[in-house]
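Letter by letter, the sequence shown follows residues 1 to 166 of UniProt numbering. Note that the Cβ used here is the ideal one computed from N, Cα and C, for glycine as well. Keep in mind it's a predicted model, so treat the numbers as computed, not measured. The block underneath contains the structure these notes are about, expressed in structure tokens.
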Amino acid sequence: MNRDPFFSIGADVPFNRVSSKYGRKEVLASMILVVPLLIAALVVAIIFTSEMPWLHLAWIAVAVYGIISTIIILRQARAIGYAEREDDLLVRRGIMFHRATVVPYGRLQFVDVDAGPIDRMFGLATVKLHTASAATDATIPGLPRAEADRLRDSLAGLGQANLAGL
Numbered sequence: 001m002n003r004d005p006f007f008s009i010g011a012d013v014p015f016n017r018v019s020s021k022y023g024r025k026e027v028l029a030s031m032i033l034v035v036p037l038l039i040a041a042l043v044v045a046i047i048f049t050s051e052m053p054w055l056h057l058a059w060i061a062v063a064v065y066g067i068i069s070t071i072i073i074l075r076q077a078r079a080i081g082y083a084e085r086e087d088d089l090l091v092r093r094g095i096m097f098h099r100a101t102v103v104p105y106g107r108l109q110f111v112d113v114d115a116g117p118i119d120r121m122f123g124l125a126t127v128k129l130h131t132a133s134a135a136t137d138a139t140i141p142g143l144p145r146a147e148a149d150r151l152r153d154s155l156a157g158l159g160q161a162n163l164a165g166l
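Now the structure itself:
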């Protein structure tokens, strides 16, 4: 059930969520930067603690940033969803700034499935939809590989059936 009355596009449509592994993958990707920064700040604070005790604030700030970004990333991952409707695909995302992209099947030109090294480690893939208009291009990240392949094949078939550009 959608709680935002101003964001009613597809409110009556059941959405498929991306894999819960996607949130963990995004947290891992962000921690690749945060953890070394945290270690460096902690080492500097320990070495220079007698001269500059306020340096402990640096590693505390990095740790707080890591915690807050983890919470936000996991929440953003849960907010991504897609719905296969009769004539189009609806992709929704966003926590504070909601975004809905409607991709008519007849406008699809091609569908990509991408998986980077971290995606493959988690068994995930990203489906990219390309249309005649860049404004209606859409991306669905964090799908299990089998679901991404199924969605690609389904969308390609629906695009071809609508005879408008695939």
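Any chance the segment 109 to 116 sits against the segment 149 to 162, with 3 or more Cβ pairs inside 8 Å?
yes
In the DSSP assignment, find the unbroken beta strand (DSSP E) run with Ala-83 in it and report its ends.
81 to 84
Residue from His-98, Pro-104, Ala-79 and Phe-122 with nearest C-alpha to Phe-15:
Ala-79
Compare the C-beta of Leu-158 against all C-beta atoms of chain C and say whether one is closer than 8 Å.
In the structure shown, chain C does not exist; there is a single protein chain.
Segment limits, beta strand (DSSP E) that includes Asp-112:
108 to 114
If you check the beta carbons only, do Val-18 and Leu-143 fall under 8 Å apart?
Contact flag set, yes.
Leaving aside the five residues before and after Val-62 along the sequence, list all residues of the same chain whose C-beta is less than 8 Å from its C-beta, in chain order.
Val-34, Leu-37, Leu-38 and Ala-41, listed in sequence order.
Integer Cβ distance of Ala-138 from Val-91, believed to fall under 8 Å
4 Å
Could you compute how far the alpha carbon of His-56 sits from the alpha carbon of Ala-45?
5 Å
What does the alpha-carbon distance come out to for the pair Ile-47 and Pro-53?
10 Å
Which residues in the same chain have their Cβ closer than 7 Å to the Cβ of Ile-118, if we skip the five residues on either side of it in sequence?
Lys-25, Leu-28 and Ala-29
When you compare only the Cα positions, how much space is there between Arg-107 and Arg-99?
Inter-residue distance for Arg-107 and Arg-99 is about 20 Å (C-alpha atoms, whole angstroms).
Is the CB-CB distance between Ile-95 and Gln-76 below 8 Å?
yes
Considering only their Cβ atoms, is the gap separating Tyr-22 from Leu-124 smaller than 8 Å?
Taking 8 Å as the Cβ cut-off, Leu-124 and Tyr-22 qualify as a contacting pair.
Threshold first: 4 residues or longer. Then list the alpha helix (DSSP H) segments lying entirely within the segment 49 to 93, N to C.
56 to 78
Which stretch, first to last residue, makes up the alpha helix (DSSP H) that contains Gly-159?
145 to 161
Thr-131 and Val-102: beta carbons closer than 8 Å?
no
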